[in-house]
Amino acid sequence: MHIVVCIKQVPDSAQIRVHPVTNTIMRQGVPTIINPYDLFALEAALALRDQLGGSVTVLCMGPPMAEDSLRRALTYGADRAVLLTDRYFAGSDTLATSFALSAAIARIGETFGTVDIVFTGKQTIDGDTAQVGPGIAKRLDLNQLTYVSRIAGIDAEAREVTVERRAEGGVQVLKTALPVLITMLEGTNEIRRGSLGDALRAARADVTVWNAADAGIDDLLKCGLRGSPTVVKKVFAPSARAEKAEMVANDGQSSAQDADALIAAILNRNPALDADLRRLSAGF
Amino acid sequence: MNEERFDAIVVGAGPSGNAAAYTMAKAGLKVLQLERGEYPGSKNVQGAILYADALEKVIPDFREDAPLERHVIEQRIWMLDDTSYVGMHHRSENFNEERPNRYTIIRAQFDKWFSRRVREAGATLLCETTVTDLVRDLKGKVIGVRTDRGGAIVHADVVIMAEGVNGLVGQRAGLRPELKPEAVALAVKEMHFLPQEMIEQRFNLKGDEGVVIEIMGTVTDGMTGTAFIYTNKESLSVGIGCMVSDFAENETTPYALLEAFKNHPSVKPLLEGSEIKEYAAHLIPEGGYRHIPELFGDGWMIVGDAGHFVNAVHREGSNLAMTTGRVAAETVIRLKQLRSDFSKADLALYRKTLDESFVIKDMKKYKDIPNFLHGNAANVFGTYPRLINEAAQRWFRVDGVAKREKEREIIASFRKGRGLRGLIGDAFKLARAWR
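Protein chains in written order, with the numbering used here: chain A, 25 to 308; chain X, 292 to 726.
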């Protein structure tokens, strides 16, 4: 089983700030991390490899410094890492990114063995579009399973995979044939801690670095800014919602009376909640 | 995997560990460096002043690409009471030299740079990897380490412990005693951001020139400790620290002291308008020579803060860390050439080299200072700063009192404040401790 996991290096959004004047994201000095959703994808891939054998290749498109993220993925236990980097890729939107990644995945298949499963995270935390995974599936003509919360089972003989997909109002159980692209949701697994052997291997491994030509891309017009029809019209930091606070006075009463006053104030402003609670309490 | 052997394992990626790993890797040794933090420097805090000499002996051309803030051209030492200070300032154009002697640095950036140089020299660095145990052979010789990444053992001829002030690995392995509260200081610091021009104006600087201020006095509330203000390019490092035992005894907190310090009338104008970007705290081993643990044994050496190498009087630490790291590394290189088995007898060369260097000589010189201060903190950090500031004010105020009369008043105030016997006793004790 050869599994490719697409990861992205993103700024740690917990530490990001928006420039007060220009409204642009201040990336300088902000630590980078692997997009958190991608880690659920990576763990799912590693677990499948452990179960069935084979190998996991991590692929990342980004500037040269994205090598750090790939090395980290190797520390977790991935078998090989490919960095797709070229100045022609700069400014890529989701269309151009999925074009470049698709070409690289095809080349990975030719170089390291036929790809059975491609994993991505549900979305990135910096772009939040959730478009790149489906874009890759379409271009490579893979079956696609999005918003997967769990790999329920895999039958290597029959080349079929069964997954649980979170949908509004419930969970769908879906089965499809390999090769497949799966975008993973958060929270159903936890990235492992790599062994000392993995960490040592990762520290010294060579990350394969491909430019556009190495990845077999000759139509550079489909890459980077030129291949990106998305136009950013405006960037802004949403202002804090101005909701009026209501003070509930403490008139030296007992704390039970204070609590009653507080609850009354809350229910007063939330009639729906009030109705729900009344309905529920009617059963007791 | 368990079969992999290294010439040396270095535990920790601070100044001492980096100096050791760099020196050995540069000499062609196979070095593994293990760091528990997410990246090198993530656990490290310092004022911070870089003493060029110690780093130059490890990386002679460090000035070419190391992230340095300002070179120090002026040293101020202040003795504070509640409203004033008496200071000694030394500023010299001679410090604007081609290879300046001291720099202010920001450790997060500096450690990243240092670690990159270590890896470029050929050492293998693993972060987020905590050494849990030293592994010994049947004779008790350390032959490798175990980490929190599974049970695998990594073998090495020698393990250099550069694990910092807490020395947990050494402690767990029974190589050193637990830290005592009276032997460690707890220091807190803030980074205050100010525009470059404002720093240059406030401190009378141009270009990359910098000022450092070391401060003692009533601001530590009668406890053994000091405060500091260092100028970086676009920020001031402002901090204060006292012995942990003092904090416990006085039931005060470091941040309460820092708040009071920042509001001192001599300090406040320097910080005016600044934006606080970072807050950090760290332990400093300030027990002095008497608290230096056993530094070597069969298959192991201890360097840096883990070896209690801090000269509290001169505010030196990182230079001692780099020097001990380098000397330990040079010991390994030398012994490797001699095909040593890295026994305790052979590693004694490390201690011998340190004994002959400024490191142990300085540590020995001030071996009695911690005890002197501990017994006299209320006077040294309270009574005397108050008396000296009062004396200065009396002396400089022009108020129609005859100078002879002023002298008499000053002497009387000292006799009243500390008593004749106290004055003589303190002078005697200090002279003896300083010797």
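Think of the CB as a built atom: it goes at the ideal place given N, C-alpha and C, for glycine as much as any other residue.
Rounded to whole angstroms, ARG685 of chain X and GLU505 of chain X show a C-alpha spacing of 25 Å. Contact check for VAL80 of chain A against ALA102 of chain A passes: the beta carbons are separated by less than 8 Å.
By the rule that beta-carbons nearer than 8 Å mark a contact, SER219 of chain A touches chain X.
Between THR522 of chain X and ILE567 of chain X a beta carbon distance of about 16 Å is seen, past the 8 Å cut, so the two are scored as non-contacting. For ARG73 of chain A, the closest Cβ of chain X is not nearer than 8 Å. Note that the stretch 355-372 of chain X touches the stretch 516-531 of chain X; at least 3 beta-carbon pairs, one per stretch, sit closer than 8 Å. The beta carbon of ARG493 of chain X lies closer than 7 Å to those of LEU561 in the same chain, with the five residues before and after it left out. In the three-state DSSP reduction, HIS605 of chain X falls in the coil class, being neither helix nor strand.
One alpha carbon belongs to VAL503 of chain X, the other to GLU540 of chain X, and they sit about 30 Å apart. Nearest CB-CB separation between VAL301 of chain X and chain A: not below the 8 Å threshold. For GLY435 of chain X, the uninterrupted beta strand (DSSP E) segment begins and ends at 433-438. C-alpha of ILE206 of chain A to C-alpha of VAL82 of chain A: approximately 14 Å in a straight line. Proximity of LEU107 of chain A to chain X, defined by a Cβ-Cβ separation below 8 Å, is not satisfied. Within chain A, the C-beta atoms nearer than 9 Å to that of VAL445 of chain X come from LEU220, LEU224, in chain order.
Put simply, the CB of LEU485 of chain X is far from chain A, with every gap to its CB atoms at 8 Å or more.
Nearest to LEU341 of chain X by C-alpha distance, out of X:ALA311, X:LEU548, X:SER406, X:PRO391, is X:PRO391. Secondary structure of PRO253 of chain A (DSSP, three-state): coil. Counted as a single uninterrupted DSSP element, the beta strand (DSSP E) harbouring GLU505 of chain X occupies residues 500-508. Under the three-state reduction of DSSP, ALA518 of chain X is assigned to strand. Under the DSSP assignment, TYR171 of chain A falls in the beta strand (DSSP E) whose first and last residues are 167-179. At a cut-off of 8 Å, the C-beta of GLY441 of chain X has a neighbouring C-beta in chain A. With three or more CB-CB distances shorter than 8 Å, the stretch 101-115 of chain A counts as touching the stretch 235-255 of chain A.
Using a 10 angstroms sphere on the CB of ASP152 of chain A, the tally of other CB atoms stays under 16, which defines it as exposed.
A direct Cα-to-Cα measurement between TYR376 of chain X and HIS605 of chain X gives close to 20 Å.
DSSP places SER406 of chain X outside any beta strand (DSSP E); the residue lies instead in the alpha helix (DSSP H), whose first and last residues are 398-411. Out of X:ARG695, X:TYR675, X:ILE701, X:LEU320, the CA that lies nearest to the CA of ARG709 of chain X is found in X:TYR675. Within the same chain, SER704 come within 7 Å of GLU681 of chain X by CB-CB distance, once the 5 residues on both sides are set aside.
In the displayed model, TYR112 of chain A falls within a helix according to three-state DSSP. When Cβ-Cβ separations below 8 Å define contact, ALA102 of chain A makes no contact with chain X.
At a cut-off of 8 Å, the C-beta of ARG228 of chain A has a neighbouring C-beta in chain X. For SER526 of chain X, the enclosing beta strand (DSSP E) covers residues 526-534. If you ignore the 5 residues before and after LEU166 of chain A, its C-beta comes within less than 8 Å of the C-beta of VAL142, ILE160, PRO203, VAL204, LEU205, all in its own chain and listed in chain order. Three or more pairs of CB atoms, one per stretch, sit closer than 8 Å, so the stretch 439-459 of chain X contacts the stretch 593-600 of chain X.
Two segments are said to touch when three or more pairs of C-beta atoms, one from each, lie closer than 8 Å; by this definition the stretch 401-420 of chain X touches the stretch 326-340 of chain X. Under the 8 Å criterion on CB atoms, LEU417 of chain X is classed as interfacial with respect to chain A. Our two residues, LEU325 of chain X and LEU470 of chain X, have alpha carbons roughly 22 Å apart in a direct line.
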